[in-house]
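*Asks:* Chains as they are written, first to last, in this note's numbering: chain A, 1 to 481; chain B, 1 to 481.
#1: In or out: residue 335 (chain A) buried (at least 16 other Cβ within 10 Å) or exposed?
#2: Can you list the residues of chain B that residue 451 (chain A) reaches, using a CB-CB cut of under 9 Å?
#3: Residue 478 (chain A) CB to nearest chain B CB: under 8 Å?
#4: If you run the structure through DSSP and keep just helix, strand and coil, what is residue 432 (chain B)?
#5: At which residues does the alpha helix (DSSP H) containing residue 254 (chain A) begin and terminate?
#6: Please check the pair residue 243 (chain A) and residue 229 (chain A), which I expect to be a contact at CB under 8 Å, by giving their CB distance rounded to whole angstroms.
#7: May I ask you to report which of helix, strand or coil DSSP gives residue 352 (chain B)?
#8: Looking at the C-beta of residue 57 (chain A), does it have a partner C-beta in chain B at a distance below 8 Å?
#9: Determine the burial state of residue 357 (chain A): buried for a count of at least 16 other Cβ atoms within 10 Å of its Cβ, exposed for fewer.
#10: Quick one, which residues of the region 102 to 120 of chain A are near chain B if we go by CB-CB under 8 Å, in chain order?
#11: Going straight from the alpha carbon of residue 369 (chain B) to that of residue 97 (chain B), what length do you get?
#12: Whose C-beta lies closer than 8 Å to the C-beta of residue 145 (chain A) among residues of the same chain, with five residues either side of it excluded?
#13: Where residue 78 (chain B) and residue 443 (chain B) are concerned, what is the direct C-alpha to C-alpha distance, given to the nearest angstrom?
#14: Could you tell me whether the region 392 to 406 of chain B touches the region 416 to 426 of chain B, where touching means 3 or more Cβ pairs closer than 8 Å?
#15: With which residues is residue 126 (chain A) paired in a DSSP beta bridge?
#16: Between residue 194 (chain B) and the rest of its own chain, which residues show a CB-CB distance below 8 Å, the 5 nearest in sequence each way excluded?
#17: Strictly under 8 Å for the Cβ-Cβ distance: is residue 254 (chain B) near chain A by that measure?
#18: Count the other CB atoms, across all protein chains shown, that sit within 10 Å of the CB of residue 291 (chain A); report buried if there are 16 or more and exposed otherwise.
#19: Closest to residue 366 (chain B) by CA distance: which of B:332, B:314, B:478 and B:109 is it?
#20: Let me know if residue 312 (chain B) comes out buried or exposed under the rule of 16 or more other beta-carbons within 10 Å of its beta-carbon.
#21: On the DSSP bridge list, what partners appear for residue 404 (chain B)?
#22: Counting only C-beta atoms, is residue 129 (chain A) closer than 8 Å to chain B at any point?
#23: Under a CB-based cut-off of 8 Å, is residue 79 (chain B) close to chain A?
#24: Around the Cβ of residue 452 (chain A), are there at least 16 other Cβ atoms within 10 angstroms (buried) or fewer (exposed)?
#25: Is residue 173 (chain B) close to chain A? Criterion is C-beta to C-beta, closer than 8 Å.
#26: Using three-state DSSP, classify residue 274 (chain A) as helix, strand or coil.
#27: Give me the Cα-Cα distance between residue 220 (chain A) and residue 440 (chain A), rounded to the nearest whole angstrom.
#28: Within the chosen definition, does the region 408 to 421 of chain A reach the region 375 to 392 of chain A through at least 3 CB pairs nearer than 8 Å?
#29: Residue 120 (chain A) to residue 127 (chain A), Cα distance in whole Å?
#30: Give the residues from the region 36 to 68 of chain A that approach chain B closer than 7 Å (Cβ to any Cβ), ordered along the chain.
#31: Could you name the residues of chain B that residue 122 (chain A) contacts, counting a contact when the two beta carbons are closer than 9 Å?
#32: Counting only Cβ pairs nearer than 7 Å, list the residues of chain A close to residue 224 (chain B).
#33: Given that residue 447 (chain B) touches chain A, what residues does it touch there, using C-beta distances under 8 Å?
#34: Considering Cα atoms alone, identify which of B:305, B:299, B:188 and B:257 is closest to residue 371 (chain B).
#35: For the alpha helix (DSSP H) holding residue 463 (chain B), just list the boundary residues, first then last.
#36: On the three-state DSSP scale, how would you describe residue 147 (chain A)?
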């Protein structure tokens with residue numbers, strides 16, 4: 001192992017950088033230092049401390065269990081803002097609350113029951129497990145009844161046309177690709193499914209449907225409905241929209257082949273007037289380049305069915321842990337490390353957008369932004385959104401992370417919703433790169449609860465966050481951007 | 001392979017009988033024939049037909065999807081009685097409905113929310129997923145509020161004593177042994193957990209508790225509460241009893257370490273007057289020993305949270321499939337094969353008890369009884385309750401089943417709840433022997449739905465039922481009993 005890490009610009013590319021780094025390290029040359037010897041030694045200590053710390057685990061527990069679900073606009077979300085701000089002040093950070101005007105949607109009662117289908121016992125109904133999609137309007141107060149038309153895709157709906165759809169309820173039975181998820185690419189499977197969750201109400205209403213149902217956009221096969229954001233178009237009639245569980249989608253599809261299936265659907269969500277909430281912004285001031293900022297972040301709001309443990313108490317907690325560990329080790333970053341607990345990632349992205357807009361004039365001082373928002377399973381390394389040339393600067397960090405099995409890196413166009421507006425403005429952006437085999441089995445369901453967090457894996461995520469953050473804060477050169 | 005299967009009484013024992021059979025087959029002797037050459041050939045054809053048939057799968061689908069949950073006393077249970085009787089009549093069987101006086105418990109509303117706990121956001125509550133245990137009384141109409149005392153065992157509760165328990169709500173946080181289940185012994189893990197489900201209300205009320213909660217007696221870690229029967233003692237005050245999900249048990253236990261945890265509990269189940277229901281009994285008359293009976297059975301009732309697909313539509317369906325396959329192959333059993341779809345296995349066992357009691361004078365004519373009531377995963381062979389000496393008579397059947405990986409057999413004291421009263425009266429009793437790794441993840445929860453049934457594995461179960469039933473019906477000798 002060489003003591004000084006050199007940059008060899010010949011070996012930059014979009015591939016796993018460990019290899020590139022190793023080759024570079026074998027070719028001593030007078031290129032500038034990337035990380036000082038002291039920084040490299042501190043990174044190893046930081047990594048060790050992170051892998052041994054339970055700080056993030058305890059913070060995740062508190063956010064999930066003591067505060068609970070934190071939907072934007074809720075009292076729990078406000079409590080979480082206060083809590084994180086207090087915890088950051090305890091660490092001696094300079095804390096400010098960034099005021100936001102956020103949407104305030106509240107879930108009400110939700111009930112589905114099949115009231116007509118082949119073979120039913122007279123006088124009975126069959127319960128359907130469903131949940132309103134975030135932002136949905138309500139049904140009439142006593143519910144609505146309609147025949148369900150099952151389609152596999154937007155195209156299939158179009159082919160049916162208005163004559164077959166008008167006055168009915170459309171079920172988009174697009175299947176979440178569990179095989180893709182089980183291969184580790186849960187995010188890709190999720191991406192495919194969300195097109196239906198997002199667009200169902202508009203597509204169905206265009207053809208005169210009275211409500212839209214979607215098969216849950218997740219991998220759960222445990223009778224859990226999967227909520228999430230949906231869209232309306234001001235030029236198209238707004239209709240109520242809900243997700244049915246995997247099982248109920250299967251049952252409805254089965255019954256619909258045998259004859260008419262009618263559902264009674266009751267949803268009573270409300271969209272209340274916009275309200276005030278906050279991003280929590282906490283700075284650990286840099287010792288040399290104080291005005292340059294490395295963001296570590298997650299989002300504080302969650303959906304309301306579970307307790308938002310994986311999505312995204314863990315992301316906030318591993319971000320909070322970065323200054324905690326630096327304090328513990330009594331080491332100071334050269335650039336300022338800014339912890340941000342964003343508000344309203346789930347149903348509006350007001351926090352991320354507002355932060356980037358208000359910092360617009362100061363974007364060049366945002367050296368890098370990191371967000372963790374894909375759970376807390378074993379990290380393989382990190383994803384990077386930015387100039388491919390920058391990856392070579394990061395190879396030494398991958399090398400540190402390699403000992404914990406997190407030595408990979410790859411380029412992605414976007415790495416986190418909240419930091420997306422910064423990415424778009426050219427800020428080099430990062431996220432832990434996770435194995436996503438199980439995340440989407442819990443994500444946005446009632447089962448996103450604290451017990452799903454594996455303390456050892458969370459510590460590994462905490463280490464990736466800390467090593468990335470401190471490494472970037474102490475990088476001796478500017479990242480290409 | 002010998003053409004005639006001989007009985008060698010030297011090689012009887014409580015071990016896997018394949019070995020014993022092979023040794024016996026190698027030692028020709030003038031002992032009597034167990035199965036005729038024709039029967040053995042028919043068994044092979046029956047097995048092949050069973051492995052190819054989708055009859056049981058379609059019947060499971062109908063019972064689960066078209067009829068739905070079939071709690072005793074419900075209209076769905078009555079519809080299921082009619083349906084199975086009709087299907088058996090279609091096959092030409094002699095059908096009778098055996099009248100039963102059954103309990104009629106109905107689930108009502110159920111709601112749990114923590115109203116006091118450490119760190120809570122003022123003015124909020126935290127939702128607790130729970131479900132009333134079968135037979136529970138209701139809470140007051142507006143619910144009850146109490147502090148939760150968490151104990152791991154009955155002993156721990158006793159040690160706390162009345163002074164710590166009176167006026168409070170006890171949570172029995174006994175953990176379902178998932179490792180045991182994942183090793184294939186789900187039934188054993190379940191047995192350990194049901195002591196708490198059954199006895200919680202009595203133990204808690206004895207010390208003055210106002211309600212009892214149990215951690216779910218199953219392997220689900222998907223925010224599903226697990227219902228099932230519980231007991232009251234007429235000499236102890238009856239208090240409401242519910243199961244909380246794995247996750248909620250974990251959350252409550254975590255919070256209880258930090259301070260008082262209070263829950264508002266609302267349960268509105270009702271125990272209605274006993275009502276009338278039926279066992280469906282359908283006979284395929286034997287061609288030679290018509291008065292001797294081989295029962296194939298499952299139970300028609302189910303819990304009400306899911307649709308009772310695994311528990312136990314599959315058991316009924318594979319039983320119905322036995323005469324279907326015999327008709328299809330145009331082969332006739334020597335003894336009568338009796339399909340029984342029992343009612344009220346889940347919360348009273350009235351069907352099983354009544355059948356055995358009414359047949360008390362005719363028990364000697366019950367040659368054997370088979371029940372399938374542990375799901376429909378890959379069968380390893382069969383379990384047997386009866387005289388160990390009888391196992392040697394069954395080795396040729398194991399040998400047939402061996403080609404599908406179901407060649408094992410073992411002695412158990414009981415093999416099925418409904419046929420238990422027959423077992424106790426000396427009727428040789430059988431059940432498919434299942435791998436139980438996943439069954440208790442769904443059992444008695446909302447996720448016991450049709451999609452959990454693997455058609456290939458169900459066909460394997462159907463084959464075990466058919467081979468056992470036809471083999472026993474045509475066994476040339478009497479089984480030791």
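Beta carbons are placed, not taken as given, at the ideal position from N, Cα and C, and that holds for glycine.
Given the structure is predicted, the values throughout are model-derived calculations rather than measurements.
*Replies:* This is what the structure holds:
#1: buried
#2: 221, 246, 247, 250 and 251
#3: no
#4: strand
#5: 246 to 256
#6: About 11 Å separates the two Cβ atoms, so there is no contact after all.
#7: helix
#8: It does not; no Cβ of chain B falls within 8 Å.
#9: exposed
#10: 117, 118, 119 and 120
#11: 18 Å
#12: The answer, listed in chain order, is 115, 262, 263, 264 and 265.
#13: 22 Å
#14: no
#15: A:114
#16: Answer for residue 194 (chain B): 217 and 228, listed in chain order.
#17: yes
#18: Residue 291 (chain A) comes out exposed.
#19: The residue with the shortest Cα to Cα distance from residue 366 (chain B) is B:478.
#20: buried
#21: In the DSSP output, where bridge partners are listed per residue, residue 404 (chain B) has none listed.
#22: It does; some Cβ of chain B falls within 8 Å.
#23: yes
#24: In the assembly as shown, residue 452 (chain A) is a buried residue. Its beta-carbon has 16 or more other beta-carbons within 10 Å.
#25: With 8 Å as the cut-off, residue 173 (chain B) does not count as an interface residue toward chain A.
#26: strand
#27: 7 Å
#28: In this structure the region 408 to 421 of chain A touches the region 375 to 392 of chain A; the number of beta carbon pairs closer than 8 Å is three or more.
#29: 12 Å
#30: 61, 62, 65, 66, 67 and 68
#31: Correct list: 75 and 79.
#32: 222 and 223
#33: 221, 222, 223 and 247
#34: B:299
#35: 455 to 474
#36: strand
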